[in-house]
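Numbering (full-length UniProt numbering), first residue to last: 1 to 462.
Every residue, glycine too, gets a C-beta built ideally from N, C-alpha and C.
This one's a predicted model, so the numbers in the text were calculated from it and none came from an experiment.
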């Protein structure tokens, strides 16, 4: 909804509710005042009727008969059999109208009124003339009718309504101005938020944030929630971009790594087809083809392994005592490289829920890494320790260490150190990190030039 439309709807709603409230006030005021005046007139009718009855019983004219100004009521004596007016007391300005109204009422109804002595409206055919409030009392051989005009009842409530309507119009006008100012000011943060959202949607600027406002207000909480969402979106898009860049780099590196053995195999195959390989060198050429094929097969296998780990390949988790597994592999390493001292520090027992084959792959890669990147005879130490929530496998050496750039990229795929002889694929530590992540653990490396290298992999006990 456009901001202007929302402001208009809020303002119209505010004015409508206020107008309804003022209208209800006018109606209630009109009804209340009319009822109050009616009650006061009824009191006058009752008092006048009782006073007239007393004076007539004492043969004294009712009060107001000889008053110099018009009296507030009129007393009419009527013959009970003929309905003829016999006497009139009082001097109302419109007593002729009162007599006409009395004449319009059937005599029988007058007798019925005298029986109940209730106060009623005496109106006539002329609706422009206010009715009278009247009561009928029985008299010997007749009836006494007491009337009081209702001009006040018909005039004052309408004057009150008119005053209230004028006041309401002025109030609504002032409220419209003040309400519009307050609504515009109240919605200003939403306008700024909408502007920011437009900038984000049109320019893909996920670093933009909603403007700060009062944290405890509704708009402030909304801005905070949107900013949290934007931060997560920014992180998600950054992770997606990073993942896409890794995939592109991975594809490029894989293509480059596969190109070398394929080129070698193709070259020797063409030389053999052309008869350019002497008989005495044929065996060496075939060995080169076989070596490159094995290298390519190993590289493809490692790539498939990483792909399975990346897509969350299932692990065969079982509770396994890590100590015998590590001792067995350390013993194998000593046999493979008898000139290299491989020491082991481990507790008597360390059960952990792992995929044993993957764990063996981790330790094998770490031992192969030390053999490839350190001079012959360099001591290697393998440690297995129990932490509060993890089992830690640590492989360290006393080799030449790594530079800062190599250390930073140690777990990157296809990265070979500057001192690497070039025989590896650059995927060993990447596979180690992927296996640790798949188990819910982590991996880390510490190294410095001339200070050796230490790789630590942690597996949760689960």
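Just the C-alpha distance for residue i and residue j, rounded to the nearest angstrom, thanks.
| i | j | result |
| --- | --- | --- |
| residue 379 | residue 343 | 8 Å |
| residue 38 | residue 158 | 14 Å |
| residue 392 | residue 403 | 25 Å |
| residue 66 | residue 72 | The predicted model places residue 66 with a pLDDT of 42, which falls under 50 and marks its position as unreliable; any figure quoted below should be read in that light. Near 13 Å, if we compare the C-alpha coordinates of residue 72 and residue 66. |
| residue 265 | residue 365 | 27 Å |
| residue 131 | residue 172 | 36 Å |
| residue 70 | residue 149 | Residue placement at residue 70 is poorly supported in this model, since its pLDDT is 47, which falls under 50; the coordinates are not used for a value here. |
| residue 465 | residue 115 | With the chain covering 1 to 462 only, the question about residue 465 has no answer from this structure. |
| residue 64 | residue 101 | Confidence at residue 64 is low in this model, with a pLDDT of 48, below 50, so its placement is unreliable and no value can be given for it. |
| residue 354 | residue 361 | 12 Å |
| residue 41 | residue 57 | 24 Å |
| residue 112 | residue 52 | 20 Å |
| residue 237 | residue 245 | 12 Å |
| residue 377 | residue 341 | 7 Å |
| residue 181 | residue 7 | 10 Å |
| residue 273 | residue 301 | 29 Å |
| residue 98 | residue 28 | 31 Å |
| residue 322 | residue 359 | 9 Å |
| residue 318 | residue 304 | 23 Å |
| residue 371 | residue 221 | 58 Å |
| residue 179 | residue 185 | 10 Å |
| residue 259 | residue 292 | 11 Å |
| residue 357 | residue 375 | 28 Å |
| residue 219 | residue 230 | 16 Å |
| residue 194 | residue 227 | 13 Å |
| residue 153 | residue 82 | 33 Å |
| residue 406 | residue 433 | 16 Å |
| residue 96 | residue 164 | 35 Å |
| residue 208 | residue 240 | 19 Å |
| residue 297 | residue 225 | 51 Å |
| residue 68 | residue 89 | At residue 68, the pLDDT of 38 sits below 50, so the modelled position is not reliable; the number obtained from the coordinates is stated separately. Cα-Cα distance, rounded: 13 Å. |
| residue 345 | residue 248 | 41 Å |
Check whether the Cβ atoms of residue i and residue j sit closer than 7 Å, and answer yes or no.
| i | j | result |
| --- | --- | --- |
| residue 199 | residue 211 | no |
| residue 386 | residue 350 | yes |
| residue 450 | residue 399 | no |
| residue 143 | residue 80 | yes |
| residue 134 | residue 122 | yes |
| residue 453 | residue 394 | no |
| residue 119 | residue 10 | no |
| residue 330 | residue 382 | yes |
| residue 137 | residue 49 | yes |
| residue 411 | residue 430 | yes |
| residue 74 | residue 147 | yes |
| residue 458 | residue 390 | yes |
Below 8 Å on the Cβ atoms is my guess for residue i versus residue j; work out the distance and round it to an integer in Å.
| i | j | result |
| --- | --- | --- |
| residue 233 | residue 206 | 6 Å |
| residue 460 | residue 441 | 6 Å |
| residue 338 | residue 384 | Going by Cβ atoms, the distance from residue 338 to residue 384 rounds to 23 Å, so no, they are not a contact pair. |
| residue 145 | residue 76 | 4 Å |
| residue 326 | residue 367 | About 11 Å separates the two Cβ atoms, so there is no contact after all. |
| residue 36 | residue 160 | No, residue 36 and residue 160 are not in contact; Cβ-Cβ is about 11 Å, not under 8 Å. |
| residue 33 | residue 156 | 6 Å |
| residue 175 | residue 18 | 6 Å |
| residue 261 | residue 295 | 5 Å |
Give me the DSSP bridge partner(s) of residue i.
| i | result |
| --- | --- |
| residue 97 | For residue 97, which the question treats as bridged, DSSP gives no partner whatsoever. |
| residue 88 | 76 |
| residue 445 | 455 |
| residue 149 | 132 |
| residue 120 | 134 |
| residue 382 | 344, 395 |
| residue 354 | 318 |
| residue 390 | 460 |
| residue 142 | 79, 139 |
Answer yes or no: the CB of residue i versus the heavy atoms of the ligand ZN, is any distance below 6 Å?
| i | result |
| --- | --- |
| residue 429 | Absence of the ligand ZN is noted for the structure shown, with no ligands found whatsoever. |
Pair every Cβ in the stretch 166-184 with every Cβ in the stretch 18-26, then say whether three or more of these pairs are closer than 8 Å. yes
Specify whether the stretch 283-303 and the stretch 314-326 touch according to this definition: at least 3 beta carbon pairs, one from each stretch, less than 8 Å apart. no
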